[in-house]
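Input: a single structure, listed below in structure tokens.
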Amino acid sequence: MTGILSGLLPPLSNDWAWRAAFIAGAIVAPALIIIVAGASAVPFESPVPTPWLIIGGLIVGIGVHFAGGCTSGHGVCGLARLSPRSIAATLIFMASTALTVFVVRHLLGGF
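So the sequence shown is numbered by our numbering: it starts at -15 and just counts up by one.
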């Protein structure tokens, strides 16, 4: 998703049209489901406020961009080919995840 979205930022890539259609579909499709089937068709309850979810998603997207891929890309494909960059990225992902869980559960009182 991050790679697709980054292709829509200046300078535009030559394949911007399918990227724009993909992002538009990812936004419009859930809205159409709610309109057609009703809000109860997509039950979603979270103890975390929506703004925090959005901020978290943006932070993850930025991290994916700077890491050159996501956890599954580095953890599955990169480790399988013994890429030093993927090994480092996977170790950093795991360490930051453990640290985040510790901070949220023990220092912030959990959600």
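Beta carbons: idealized from backbone N, C-alpha and C, even for Gly.
At the level of alpha carbons, what is the spacing between residue i and residue j?
i: A72; j: A23; result: 42 Å
i: D(-1); j: I43; result: 25 Å
i: H90; j: I(-12); result: 36 Å
i: G9; j: R69; result: 33 Å
i: A25; j: I17; result: 8 Å
i: F28; j: V48; result: 25 Å
i: M(-15); j: L92; result: 30 Å
Mapping DSSP to helix, strand and coil, what is residue i?
i: C54; result: coil
i: F28; result: coil
i: S70; result: helix
i: G(-9); result: coil
i: P33; result: coil
So the candidates are the options; which of them puts its Cα closest to the Cα of residue i?
i: F77; options: A64, T(-14), G57; result: G57
i: G52; options: S67, T34, S(-3); result: S67
I'd like to check one pair, residue j with residue i: are the Cβ atoms closer than 8 Å?
i: T74; j: G59; result: yes
i: V87; j: G94; result: no
i: R3; j: L(-7); result: no
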